[in-house]
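Undergrad: Before I ask anything, here is the structure I am working with.
Numbering (our numbering), first residue to last: 465 to 588.
Here is the structure:
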């Protein structure tokens, strides 16, 4: 999400410029949303970014939390959570992936190449 870059931009006085640049990207991907609770000012930065992008650009959010648990990612500000998530949910497409983690050591590794169309025992 570039949370660190927004925080650094705040320290250098370039916050509005950085926020505007992130708001203009055609597709923003927020990966592992809710992995760690957001605390100020990261929660405010995320809200500002979502509000700036609202109905302007596409945003993909991945999370291990159920959709109904996303507000828990905002550790202390439930009102900010509600406003941010309301914008994310509006006109959203939700996909739920069910299955084992691909990082699970019990899952066999995927084949490195596509199956061959060559016969097992070719005629000589």
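Note that beta-carbon positions come from the ideal geometry of N, C-alpha and C, so glycine has one too.
1) Under the rule that 16 or more other beta-carbon atoms within 10 Å means buried, what is residue 514, buried or exposed?
2) Spatial neighbours of residue 524 within its chain, please: CB distance less than 8 angstroms, with the 5 preceding and 5 following residues excluded, ordered by chain position.
3) Within 10 Å of its beta-carbon, does residue 564 have 16 or more other beta-carbons around it, so buried, or fewer, so exposed?
4) With 16 as the cutoff for other CB atoms within 10 Å, does residue 554 come out buried or exposed?
5) How about residue 537 and residue 498: do their beta carbons lie closer than 7 angstroms?
6) Give the single residue among 529, 506, 500 and 516 whose Cα lies nearest to the Cα of residue 481.
7) Considering only residues of the same chain and omitting the five flanking positions on each side of residue 483, which have a CB-CB separation below 7 angstroms?
8) Would residue 486 be called buried (16 or more neighbouring beta carbons within 10 Å of its own) or exposed?
9) Between which residues of its own chain and residue 475 is the CB-CB distance below 8 angstroms, once the five residues before and five after are set aside?
10) Just to confirm the assignment, what range does the alpha helix (DSSP H) spanning residue 514 have?
11) Residue 506 to residue 570, Cα distance in whole Å?
12) On the three-state DSSP scale, how would you describe residue 531?
TA: Answer, in terms of the structure:
1) Locating residue 514 in the chain shown gives position 50, where the first residue counts as 1. Buried, by the Cβ-count rule.
2) Taking the chain shown and counting its residues from 1, one reaches residue 524 at position 60. Excluding sequence neighbours, residue 524 sits near 491, 492, 493 and 494.
3) Walking along the chain shown from the start, residue 564 turns up at place 100. So residue 564 counts as exposed.
4) One-based indexing of the chain shown puts residue 554 at position 90. By the neighbour-count rule (16 or more Cβ atoms within 10 Å), residue 554 is not buried but exposed.
5) Start at 1 with the first residue of the chain shown, and residue 537 comes out as number 73. Start at 1 with the first residue of the chain shown, and residue 498 comes out as number 34. In contact: residue 537 and residue 498 (Cβ atoms closer than 7 angstroms).
6) Locating residue 481 in the chain shown gives position 17, counting from the first residue. The residue with the shortest Cα to Cα distance from residue 481 is 516.
7) As a working note, residue 483 is residue 19 in the chain shown. Excluding sequence neighbours, residue 483 sits near 470, 512, 513 and 516.
8) Sequence index remark: in the chain shown, residue 486 carries index 22 (1-based). That one is buried.
9) By one-based count along the chain shown, residue 475 stands at place 11. Counting only Cβ-Cβ distances below 8 angstroms, and skipping sequence neighbours, we find nothing.
10) On the chain shown, position 50 is the one that residue 514 refers to. Start and end: 506-517.
11) Walking along the chain shown from the start, residue 506 turns up at place 42. Walking along the chain shown from the start, residue 570 turns up at place 106. When rounded, the distance between both Cα atoms is 36 angstroms.
12) Counting from 1 along the chain shown, the entry for residue 531 is found at position 67. Of the three classes helix, strand and coil, the one that applies to residue 531 here is helix, per DSSP.
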